[in-house]
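Comments concern the structure below.
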Amino acid sequence: MLRSKSVGLVVSLCCACWLTWQAACWAVEPRLRLRDAISWSIDKTIDVTSIGSVTGTDVEWTTGAVKINGVAYGWPTADGTSGQQLTTNGSAGLSWAAVGGGGNSFETIDVPAGTDPVADSSTDTLTWTETSFLTLTGTAGTDTIDITQVTTDLGTDGLIAANAVALGTDTTNAYVADLSATTSETTVSGGGGETATVTIGLPDDVTITTSLTVVSTDPADAGAIRLNNAASIAFEASPAGTDGTFTYNASEQFVFNSDVLFSGSGLDITFTDTGAGADTFGIHSDPEQFVIRNNKAGGPIGLAINAGGQDTVSIGETGFAPTAVYVITDGTGNGEVALPTDSVGIDELDTADSPANAEVLAYQASTGRMVWSPDAGAAGGDSITVNASAATDPDFADGDVDWTLTGGNSITATVGCTGCVDTTDISDNTVTATDLNATLTFADADLVDLDAINNSATTEGVLLPQGTAPTGGTAEGQIGWDTDDDVLYVGDGTAAQRINGWVLQHSSGVSQTATFFAMPGGESGVTESNEDQWRMPLGSTCSNIYAEVATAPGAGNSWAVSLNVNGTASTAVTCTISGTGLTCSDTTGSESIAANDTLNFEFLESGTATGTGNLAASAFCQMN
Numbered sequence: 006m007l008r009s010k011s012v013g014l015v016v017s018l019c020c021a022c023w024l025t026w027q028a029a030c031w032a033v034e035p036r037l038r039l040r041d042a043i044s045w046s047i048d049k050t051i052d053v054t055s056i057g058s059v060t061g062t063d064v065e066w067t068t069g070a071v072k073i074n075g076v077a078y079g080w081p082t083a084d085g086t087s088g089q090q091l092t093t094n095g096s097a098g099l100s101w102a103a104v105g106g107g108g109n110s111f112e113t114i115d116v117p118a119g120t121d122p123v124a125d126s127s128t129d130t131l132t133w134t135e136t137s138f139l140t141l142t143g144t145a146g147t148d149t150i151d152i153t154q155v156t157t158d159l160g161t162d163g164l165i166a167a168n169a170v171a172l173g174t175d176t177t178n179a180y181v182a183d184l185s186a187t188t189s190e191t192t193v194s195g196g197g198g199e200t201a202t203v204t205i206g207l208p209d210d211v212t213i214t215t216s217l218t219v220v221s222t223d224p225a226d227a228g229a230i231r232l233n234n235a236a237s238i239a240f241e242a243s244p245a246g247t248d249g250t251f252t253y254n255a256s257e258q259f260v261f262n263s264d265v266l267f268s269g270s271g272l273d274i275t276f277t278d279t280g281a282g283a284d285t286f287g288i289h290s291d292p293e294q295f296v297i298r299n300n301k302a303g304g305p306i307g308l309a310i311n312a313g314g315q316d317t318v319s320i321g322e323t324g325f326a327p328t329a330v331y332v333i334t335d336g337t338g339n340g341e342v343a344l345p346t347d348s349v350g351i352d353e354l355d356t357a358d359s360p361a362n363a364e365v366l367a368y369q370a371s372t373g374r375m376v377w378s379p380d381a382g383a384a385g386g387d388s389i390t391v392n393a394s395a396a397t398d399p400d401f402a403d404g405d406v407d408w409t410l411t412g413g414n415s416i417t418a419t420v421g422c423t424g425c426v427d428t429t430d431i432s433d434n435t436v437t438a439t440d441l442n443a444t445l446t447f448a449d450a451d452l453v454d455l456d457a458i459n460n461s462a463t464t465e466g467v468l469l470p471q472g473t474a475p476t477g478g479t480a481e482g483q484i485g486w487d488t489d490d491d492v493l494y495v496g497d498g499t500a501a502q503r504i505n506g507w508v509l510q511h512s513s514g515v516s517q518t519a520t521f522f523a524m525p526g527g528e529s530g531v532t533e534s535n536e537d538q539w540r541m542p543l544g545s546t547c548s549n550i551y552a553e554v555a556t557a558p559g560a561g562n563s564w565a566v567s568l569n570v571n572g573t574a575s576t577a578v579t580c581t582i583s584g585t586g587l588t589c590s591d592t593t594g595s596e597s598i599a600a601n602d603t604l605n606f607e608f609l610e611s612g613t614a615t616g617t618g619n620l621a622a623s624a625f626c627q628m629n
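Structural data, given as structure tokens:
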């Protein structure tokens, strides 16, 4: 070991120095031979290079250091314990230490946790490891170990650096970054500091912008403010008064325990019936009136109190008067509607006409009002005399009835017109269809005379029954007008016959094998479109073409049958017989024909059609 070797070297050097010096002295002067255990002191440097062997037992230094090879070693002042050895401190200071290995031995290192590292041999090495935020860096040249802090979360003093702890990741449990208040809903004071005392409260005036649920027994319920079933909102009254409450009871009714005051300008209360087609109703108040009304657009006011500042109660509204005023009672009879004595005056019956003596209240058609008028009978009838006294104002309505006193108090009525209706009894232009029988039957010799009508406007004359297909009027002489085809139909007892039209028709027993033309009512087989033509006498409209052949044209072949006008085949009045077909028709197209235009039928061959055999074609025309 290095420390034991050092001690031995020092001792050997000392002994060698001593023996060398003693031998040198003896060689110079034999009388200098020292006796064992003789103490002496010297402060001179002795050259022992030529002393030779030096023998003896003890060498003693009482003070000072032993300088060997230029190094002055400081020796311990006392002996060490058994087993110890001399060690140097690197500055020539010698001391006694326990034996623990070689010069790089660490012996035992006491650690606060785990087990203490112990040197097992002189070659054992103490290894430092870094498992935390500290980095250990050794430098052999300077025999130093640097300990470096990796994280900036710790300051140079080993404490946590300012603003180094992240609340979201470096801490546990909940934290609040800051506190703020919602305007008119909450207030917050004392926020913004790490050690601040925070106070949360409500402002003097609280406004809830979304919803506030105070108590809710049903989580599915929704509402701005919700209370428990049958709970109340209480309002503090004056100290001597009873608190006011607003409650929704078990019968689903709102209950106020105090008077309710609505204050404002032009107040409205609306009642909405959610049923299909239901109206809404409302209560309205303004400086002039209190109104209960139907809120339907254009609906009448039901009841107006103090309307216009006149201290009145009115039903209806100017321009929206109700159609009727109903008094609904229990239906028991008399006394259900009672008016105070003298409560109905003459002006209440008609403000524009006050009654005179002996006048009666009569309806006036020109104004639609009840008016007061003298009794002359509504139509100027005769007066009645009973027992030589005139019976005035009997209000007999029929002026064509003569009343005669027949004896005693009997009255006989004589009708001036028997079996007839006098013109004085029926006002002009008053008989409507609802006044007549659904069926009017006239007898022989009856006459409906309309010859005074000149038929100069759409508002006079006779209009016939009309329809898109009046073919059901088949009774003998029954007439009807087809509004689609502008055709007059007259029934013959079996069918409805068209009156203002005629049929263009051609038939032939000669088979044709190529394109040909056929004249209505004439021959067929001509090859020129302007041959054998029928000339139209009146301007007309032709439609409804039909055609037939006895032999089908065959697969891939056809006959295009058209009404030919002035040598040109019509594109509207046409149909095609093709393949195995024998007939064709078209009832949708029409062709306008002028007077003196020429007509015939064209059979246009396509492919190589089989001979027609017997053939026929027709079209219907009516005057324009």
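Read in order, the letters of the sequence shown are residues 6 to 629 in our numbering. For glycine and all other residues, C-beta sits at the position ideal for the given N, C-alpha and C.
Q: Report the three-state DSSP secondary structure of residue 489 (helix, strand or coil).
A: In the sequence shown, counting from the first residue as 1, residue 489 sits at position 484. Correct three-state label for residue 489: coil.
Q: May I ask which residues mark the beginning and end of the beta strand (DSSP E) holding residue 512?
A: Counting from one through the sequence shown, the residue named residue 512 turns up at place 507. Residue 512 -> beta strand (DSSP E) spans 506 to 513.
Q. Would a C-beta distance cut-off of 7 Å place residue 501 and residue 478 closer than the cut-off?
A. Stepping through the sequence shown from its first residue, residue 501 is reached at position 496. Stepping through the sequence shown from its first residue, residue 478 is reached at position 473. In this structure, residue 478 lies closer than 7 Å to residue 501 by Cβ.
Q | Cβ-Cβ distance between residue 553 and residue 621 below 7 Å | A | The residue you call residue 553 lines up with position 548 of the sequence shown. The residue you call residue 621 lines up with position 616 of the sequence shown. Yes, the pair counts as a contact, with Cβ atoms nearer than the cut-off.
Q) In three-state DSSP terms, what is residue 456? A) As a position in the sequence shown, residue 456 is number 451, starting the count at 1. It is coil, neither helix nor strand.
Q) Straight-line CA distance for residue 582 to residue 623? A) Here residue 582 refers to the residue found at position 577 when the sequence shown is read from its first residue. Here residue 623 refers to the residue found at position 618 when the sequence shown is read from its first residue. Near 14 Å, if we compare the C-alpha coordinates of residue 623 and residue 582.
Q) In whole angstroms, what separates the C-alpha of residue 564 from that of residue 535? A) Residue 564 sits at position 559 when you count from the first residue of the sequence shown. Residue 535 sits at position 530 when you count from the first residue of the sequence shown. Going from the Cα of residue 564 to the Cα of residue 535 covers about 19 Å.
Q.
Here's a check: name, in chain order, each residue in its chain whose Cβ is nearer than 6 Å to the Cβ of residue 518, leaving out the five neighbours to either side.
A. Your numbering for residue 518 matches position 513 in the sequence shown. Closer than 6 Å at Cβ, skipping near neighbours: 616.
Q) Can we say the region 526 to 542 touches the region 590 to 610, given the rule of at least three CB pairs closer than 8 Å? A) yes
Q) Which partner residues does residue 610 have in the DSSP bridge list? A) Taking the first residue of the sequence shown as 1, we reach residue 610 at position 605. Looking at the DSSP assignment, residue 610 forms a beta bridge with 564.
Q: Tell me, please, which residues DSSP counts as bridged to residue 99.
A: As a working mapping, residue 99 is identified with position 94 in the sequence shown. Looking at the DSSP assignment, residue 99 forms a beta bridge with 93.
Q: Specify whether the region 606 to 613 and the region 504 to 523 touch according to this definition: at least 3 beta carbon pairs, one from each stretch, less than 8 Å apart.
A: yes
Q. DSSP on residue 151, reduced to helix/strand/coil?
A. Along the sequence shown, read from residue 1 onward, the residue named residue 151 stands at position 146. Strand.
Q) Ordered along the chain, which non-local residues of its own chain (more than five positions away) have a Cβ less than 7 Å from that of residue 611? A) By one-based count along the sequence shown, residue 611 stands at place 606. Cβ within range, chain order: 562, 563, 565.
Q. Per DSSP, which one or two residues make a beta bridge with residue 291?
A. Here the question's residue 291 lines up with position 286 in the sequence shown. Looking at the DSSP assignment, residue 291 forms a beta bridge with 294.
**Q.** Status (buried if at least 16 other CB within 10 Å, exposed otherwise) for residue 529
**A.** Position 524 of the sequence shown, counted from the first residue, corresponds to residue 529. Residue 529 should be labelled buried.
Q. Does DSSP put residue 174 in a helix, a strand or coil?
A. Position 169 of the sequence shown, counted from the first residue, corresponds to residue 174. Helix, per DSSP.
Q.
Quick check on this structure: which residue in 574, 618, 619, 587 has the alpha carbon closest to the alpha carbon of residue 597?
A. The count along the sequence shown starts at 1 and reaches residue 597 at position 592. Ranking 574, 618, 619, 587 by Cα distance to residue 597 puts 574 first.
Q. Along the chain, where does the beta strand (DSSP E) that runs through residue 591 open and close?
A. The residue labelled residue 591 in the question sits at position 586 within the sequence shown. Here the beta strand (DSSP E) through residue 591 covers 588 to 598.
Q | DSSP state of residue 581 mapped onto helix, strand, coil | A | Reading the sequence shown from its first residue, position 576 is the one you call residue 581. Strand at residue 581.
Q. Going along the chain, which residues of its own chain have a beta-carbon closer than 6 Å to the beta-carbon of residue 238, five neighbours each way excluded?
A. Mapped onto the sequence shown, residue 238 falls at position 233. Excluding sequence neighbours, residue 238 sits near 251.
Q: Just tell me which of 133, 146, 165, 169 has its CA closest to the CA of residue 152.
A: For the purposes of this step, residue 152 is identified with residue 147 of the sequence shown, where counting begins at 1. If we check each option's Cα against that of residue 152, 133 comes out closest.
**Q.** Endpoints, beta strand (DSSP E) assigned at residue 524
**A.** Residue numbering aside, residue 524 sits at position 519 when the sequence shown is read from its first letter. Neither: residue 524 is in no beta strand (DSSP E) and is coded neither H nor E.
Q. Rounded C-beta distance between residue 300 and residue 284? I'm assuming under 8 Å.
A. The residue given as residue 300 occupies position 295 in the sequence shown. The residue given as residue 284 occupies position 279 in the sequence shown. Indeed, because the Cβ distance is near 7 Å, the residues count as touching under 8 Å.
Q | Distance CB(residue 638)-CB(residue 474) smaller than 7 Å | A | In the structure as shown, the chain starts at 6 and stops at 629, and residue 638 therefore has no counterpart that could be examined.
Q: Determine the direct distance from the alpha carbon of residue 165 to that of residue 76, and round the result to whole angstroms.
A: In the sequence shown, residue 76 corresponds to position 71, counting from 1. In the sequence shown, residue 165 corresponds to position 160, counting from 1. Those two C-alpha atoms are separated by around 50 Å.
**Q.** Coarse secondary structure for residue 474, derived from DSSP in three states
**A.** Translated into positions along the sequence shown, residue 474 becomes position 469. Residue 474 falls in the coil class under three-state DSSP.
Q) Hey, out of 298, 273, 333, whose CA is closest to residue 319's CA? A) The residue you call residue 319 lines up with position 314 of the sequence shown. Per the Cα distances, 298.
Q.
I'd like to confirm the pairing. Which residues does DSSP put opposite residue 80 in its beta bridges?
A. The residue given as residue 80 occupies position 75 in the sequence shown. Answer is none; residue 80 lacks a bridge partner.
Q) residue 621 by DSSP, collapsed to three states: which one? A) Position 616 of the sequence shown, counting from 1, holds the residue named residue 621. In the structure shown, residue 621 sits in a strand (DSSP, three-state: E or B).
Q) How many Å lie between residue 471 and residue 458 at the Cα? A) Working through the sequence shown from its first residue, we reach residue 471 at position 466. Working through the sequence shown from its first residue, we reach residue 458 at position 453. So the two alpha carbons sit approximately 21 Å from each other.
Q. Is it the case that the Cβ atoms of residue 186 and residue 192 are separated by a distance below 7 Å?
A. In the sequence shown, counting from the first residue as 1, residue 186 sits at position 181. In the sequence shown, counting from the first residue as 1, residue 192 sits at position 187. Going by C-beta atoms, residue 186 is nearer than 7 Å to residue 192.
Q: State the DSSP-derived secondary structure class of residue 439, mapped to helix, strand or coil.
A: Residue numbering aside, residue 439 sits at position 434 when the sequence shown is read from its first letter. Helix, per DSSP.
Q: Report the three-state DSSP secondary structure of residue 501 (helix, strand or coil).
A: The sequence position of residue 501 within the sequence shown is 496, counting from 1. Strand.
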